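For reference, the structure is listed below as structure tokens.
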Amino acid sequence: MAGIALPQQLEAPIKGTSLWRDAARRLVRNPAAMVGFFLVFMFVFVAVFAPFISPYSPTSGTINDKFLAPSLSHILGTDLQGRDILSRILWGARSSLWVSVLSVTVGLSIGLTYGSISGYAGGWVDFWMMRVVDIILSLPGLLLTITIVLFLGPGLNTIAFAIAIENVPIFARLVRSSILALKESDFVLAAHSIGASNRRILLAHIMPNALTPVIVQGTLALATAIVDAAGLGYLGFGPQDPATPEWGTMLTDTQRYLTSGAAFTALFPGIAIILAVLGFNLLGDGLREALDPRLKR
Amino acid sequence: MSDQMASAVTTPATGDGPLLRVRDLRVEFASSSGRVHAVNGVSFDVEAHELLGIVGESGCGKSVTSLAILRLLAKPAGRVVGGQVEFDGIDLLGLNDEAMRDLRGRQVAMIFQDPMTSLNPVTTIGEQLIEVIQAHTKLDRKAAEEKALETLDLVGLPNAKARLKNFPHQFSGGMRQRVMIAMALILGPKLLIADEPTTALDVTIQAQILDLIRRVATETGAAVMLITHDLGVVAGMTRRIQVMYAGQIVETAMTDELFAHPRHPYTVGLLRSIPRLDDGGSRELIPIEGLPPDLTKLPVGCPYAPRCAWAIERCLAENPPLALPGSSESVVGVALGTHLAACWNPATDEEARAGVPASGHISAVEAAGRDRAATAAAALGVEP
Amino acid sequence: MTGKPVVTSDPAASATASSVPSAEGAAETPLLSVRDLRMWFPITSGIILERHVGDVRAVDGVSFDIERGETLGLVGESGCGKSTTGRAILRLYRPTGGSVLFDGVEMTALEGEPLRRMRRRMQMIFQDPYSSLNPRMTVGGIVGEPLAVHGIGNHRERRERVAELLDVVGLNPNFLNRYPHEFSGGQRQRIGVARALAVNPDLIIADEPISALDVSIQAQIINLLEKLQDEFHLTYLFIAHDLSVVRHVSDWIAVMYLGQIVEMVPSRELYERPLHPYSVALLSAVPIPDPVVEGRRRRIILKGDVPSPAAPPPGCRFHTRCWLRERLGNPDRCSSEMPVLRDMASGHQVACHFAEDVDGSAEQVQVTGRRAD
Chain A
299 MAGIALPQQL EAPIKGTSLW RDAARRLVRN PAAMVGFFLV FMFVFVAVFA PFISPYSPTS
359 GTINDKFLAP SLSHILGTDL QGRDILSRIL WGARSSLWVS VLSVTVGLSI GLTYGSISGY
419 AGGWVDFWMM RVVDIILSLP GLLLTITIVL FLGPGLNTIA FAIAIENVPI FARLVRSSIL
479 ALKESDFVLA AHSIGASNRR ILLAHIMPNA LTPVIVQGTL ALATAIVDAA GLGYLGFGPQ
539 DPATPEWGTM LTDTQRYLTS GAAFTALFPG IAIILAVLGF NLLGDGLREA LDPRLKR
Chain B
13 MSDQMASAVT TPATGDGPLL RVRDLRVEFA SSSGRVHAVN GVSFDVEAHE LLGIVGESGC
73 GKSVTSLAIL RLLAKPAGRV VGGQVEFDGI DLLGLNDEAM RDLRGRQVAM IFQDPMTSLN
133 PVTTIGEQLI EVIQAHTKLD RKAAEEKALE TLDLVGLPNA KARLKNFPHQ FSGGMRQRVM
193 IAMALILGPK LLIADEPTTA LDVTIQAQIL DLIRRVATET GAAVMLITHD LGVVAGMTRR
253 IQVMYAGQIV ETAMTDELFA HPRHPYTVGL LRSIPRLDDG GSRELIPIEG LPPDLTKLPV
313 GCPYAPRCAW AIERCLAENP PLALPGSSES VVGVALGTHL AACWNPATDE EARAGVPASG
373 HISAVEAAGR DRAATAAAAL GVEP
Chain C
16 MTGKPVVTSD PAASATASSV PSAEGAAETP LLSVRDLRMW FPITSGIILE RHVGDVRAVD
76 GVSFDIERGE TLGLVGESGC GKSTTGRAIL RLYRPTGGSV LFDGVEMTAL EGEPLRRMRR
136 RMQMIFQDPY SSLNPRMTVG GIVGEPLAVH GIGNHRERRE RVAELLDVVG LNPNFLNRYP
196 HEFSGGQRQR IGVARALAVN PDLIIADEPI SALDVSIQAQ IINLLEKLQD EFHLTYLFIA
256 HDLSVVRHVS DWIAVMYLGQ IVEMVPSREL YERPLHPYSV ALLSAVPIPD PVVEGRRRRI
316 ILKGDVPSPA APPPGCRFHT RCWLRERLGN PDRCSSEMPV LRDMASGHQV ACHFAEDVDG
376 SAEQVQVTGR RAD
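Chains as they are written, first to last, in our numbering: chain A, 299 to 595; chain B, 13 to 396; chain C, 16 to 388.
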């Protein structure tokens, strides 16, 4: 071609920018997403290091100290049993983190596998697999949860399991629609024409491109899981053992005090839930914008 | 062209000046990779009733120019950062939004490449036509429907009365484009801007639509700005052509003159790189080397120089103005249709026929490249 | 090299008696031999139980040969079935009927490993440079994938071959760590060409390889494809809607309409002597970048739109829009009897009952801008 470029042996190999790196760059420049990232980071940090940073034990307290207003010794005050609220919130983060991560991971894994088989196989397989999903989706969530609780008994893992089951159809459908679209794209056709096996096409071509909406949905599902976990805890399906603080259960215990002077006992767990959920939502939205697959330039 | 018919359908242009006058128009877009200089000092006139062709490839600024004229640039990214646009004596850039809205459709109309995205998919075309009429005139519904039918007949849509109730997706590509043309012409505009109206259509349908555009332009007396990348289309449709590259007009001439005596190396390059149905099939194609310019980082001199086989030293340093070929004075007030080219070293007839500059000419860019290579090689102690 | 024409009709119905020299090609069989290829896509209706209510006959009885080293141009407008033909040949679809003989091997029945091995010998270049490359793979990965899939060479050898291929198509070999979105449309198309060349195929099917590119870049890719054909002795099936381009690159041209070939002709002759009314109309519609010639030409404006391939007209599929039929007073034969490709002279084949009337007609002559006699 035209002799405009320098001779090739004098140039160093050029490193490319993958779409992931591009996305990371875009994410970092998004202020709302960075706020979300900060909140999520704090949430995870607090949950992991609660035993080290918590000023008091979440279970110890004397009735004498009950309903102490926020002060220097108890930054968020004490609850109806004299326990330090801040400590309980920090420890409660562990429950929330555990439940949300467990439920989304399980739900995503099963849903992803299910949806990709369904989407890639197509035809009757796809048809019947999706009818199963329809059935699951038509069962009222609460009824499903109660049934599970009846079998497994209340507790964190039960809540996690219930939320996971609700997530499976969501991810299955999401992945399936991505795959259906990607199956028809030219580069997949090209892979077929080269003679690539179905397995190779699914793993090397389709999945990396189908992941984008899954990542976004996963982040948002974490947010929903925290709220759902709190809700289920509030309804009494959560850990019955008072030694394990859980934000939703904390709300059940203290909701009757909302109108009295001890409103802070219910307010603080509520705010914790809001901040955690907000964080994941902001991050998820930011990810959606950053990962927008810009195939055309 | 029948002047009588023209005045029956459109109000004649006021004054003796050109219908549209664009002077030194500059448009920029803000993007994540920098400021895109989409239009860089474009000046031209459009006369009443004439068929003007604007030719160029993607990124040359031809579409952006017309969007800027109609104040349809995507805000806030796109901005007009300089120049004037005068239509029929009215300053378009200074007009308030409401007056501009009134002018659009009534005096100047535009049709686009993809009728599917420019027509509302959830309303019938009858509704859309009537909406346009009622937005600009005081006609009642019945009269508006009459006018809609009349215009659909004008564009040759069969079974117009029944098809008023159809939705856009029920039409084929060619039919949709006819509907678009009907919508554009319904108020009798003086200027019709057609932006790649047939690019998405099959060639036999393209022939139908181009034929239609020519016919309605004649019948209604509207001037037409036909924007396209297809040199064949402008050869058969237009009276005058402007060639654009990197946001500038690089050559303008009467159609016959441009094809017979292209002067700007880009025009020469285009003509020699497209296969022609009637060239015997064995004529060698001489491609234009290199890539279209990066509009965020335009070079200092002529934007075409990096790809130009005719380039001389001066081309790398100074951007040539649109002038009479061979002269370097910028021209003001020259007659419409005079052959102008923005080039320091325009091609001669012989060179244009051959598609390459005279033998022995080494493009300044290639020479610079060789110098760099030699220097680099010397520094490394290897053979260049 | 002469192409071997395909005579599918009853010899008794041949209009002209000119004999085609079939002995010439007897020693060497065509690289690709397609006979009566059909690709029907079922239309189903119903909610619970899907009933088969009809077919979209995208390709309906297509036959042609391509000799080694030649280029056959397949041209037609949208919906004529040319892309589908290319994909059916490559077994990206399973043909509904007919035969595809590649170097003597019947492709339609192949499955599994034998099919995969045959894929090494025929490759495709796709139309859209933006969607035909996996955006998450590096250029090196994309171009090297065919080698990896067929287990050719070790990692280092593959890298070398990829660098070599990039160089051959005019790209800097140092680009192999870059991603497709970092390149322009023309460069991406070059990457697609490099990928097609990776395993040294015999046949390349180019499906609208330049339609999505800028005009000034199209010539670069056309020249590249021609250079590669010479250098690697490739055979091309060049599918496009742009007649000027097809004529430039092809040795033979097959004009398709609604799933069938209506005319098969050496490329030079298509412009000089088109014999099917559709070809004449198509040629008259193609704009020529020369105002003097354009001023002399007279377009044949076809009425209406292309019929749906799900419900093609009976008899000759073109008869509903045919200018010749109208001129001849709407003969019944056109709507009742489907014309087959018949030999007109020296390999030129037409599927029209009244092709003789096209020859020498004012329309045919005016297509080219020559003065009518």
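Virtual Cβ for every residue (Gly too), placed ideally from N, Cα, C.
The structure presented is a predicted model; accordingly, all values stated were derived computationally and were not measured.
Where residue i sits in the DSSP three-state scheme
i         : result
Asn455(A) : helix
Phe350(A) : helix
Pro36(C)  : With a pLDDT of only 36 at Pro36(C), under 50, the local geometry of the prediction cannot be trusted, and the value read off the model is given with reservation. Three-state DSSP puts Pro36(C) in coil, outside helix and strand.
Glu263(B) : strand
Phe253(C) : strand
His67(C)  : strand
Ala377(C) : helix
Ile140(C) : strand
Arg203(C) : helix
Ile58(C)  : strand
Ala391(B) : helix
Ile316(C) : coil
Leu32(B)  : strand
Trp422(A) : helix
Gly94(C)  : coil
Pro299(B) : coil
Trp338(C) : helix
Ala41(C)  : Reliability of the predicted coordinates at Ala41(C) is poor, the pLDDT of 46 falling under 50, and no value is obtained from them.
Thr240(B) : strand
Start and end residues, alpha helix (DSSP H) containing residue i
i         : result
Thr77(B)  : 74-81
Asn507(A) : 505-532
Val301(C) : Counting along the chain, Val301(C) falls outside any alpha helix (DSSP H), and DSSP gives it neither H nor E.
Asn596(A) : In the structure as shown, chain A begins at 299 and stops at 595. Residue 596(A) is therefore absent and cannot be evaluated.
Ile492(A) : 484-492
Tyr412(A) : 383-419
Pro129(C) : 127-134
Buried versus exposed call for residue i [16 or more other C-beta atoms within 10 Å across all chains shown]
i         : result
Ser158(B) : Note on residue identity: the sequence assigns Glu, not Ser, to residue 158(B). It is exposed - the Cβ of Glu158(B) has fewer than 16 other Cβ atoms within 10 Å.
Arg340(C) : buried
Leu307(B) : buried
Asn345(C) : exposed
Trp426(A) : exposed
Ser476(A) : buried
Ser93(C)  : exposed
Asp305(C) : buried
His334(C) : buried
Thr22(B)  : Here the model assigns Thr22(B) a pLDDT of 37, short of 50, so the residue's position is not dependable and the matter cannot be decided.
CB-CB length for residue i against residue j, believed under 8 Å
i         : j         : result
Thr250(B) : Gly65(B)  : 3 Å
His49(B)  : Leu224(B) : With a Cβ gap of about 36 Å, His49(B) and Leu224(B) do not count as contacting.
Ile219(C) : Leu249(C) : 6 Å
Ser259(C) : Pro304(B) : Wrong, their Cβ atoms sit about 22 Å apart, outside the cutoff.
Ile452(A) : Gly536(A) : According to the sequence as given, residue 452(A) is Pro; it is not Ile. Pro452(A) to Gly536(A), Cβ: 7 Å. Contact.
Pro302(C) : Gly244(B) : 3 Å
Val228(B) : Ile193(B) : 7 Å
Leu203(B) : Gln119(B) : 7 Å
Element boundaries [beta strand (DSSP E), containing residue i]
i         : result
His363(C) : 363-365
Val58(B)  : 46-58
Phe117(C) : 112-117
Heavy atom of the ligand NAD within 6 Å of residue i beta-carbon
i         : result
Ser483(A) : Of ligands this structure carries none, so the ligand NAD is not represented either.
Quick check: the region 271-289 of chain B against the region 86-101 of chain B, are there 3 or more CB pairs under 8 Å? no
Counting pairs of beta carbons, one from the region 394-403 of chain A and one from the region 523-535 of chain A, are three or more of them closer than 8 Å? yes
How do the region 369-379 of chain C and the region 323-340 of chain C stand: do at least 3 beta-carbon pairs fall below 8 Å, yes or no? yes
Stretch-stretch touch, CB-based, cutoff 8 Å, three pairs: the region 437-446 of chain A with the region 369-376 of chain A: no
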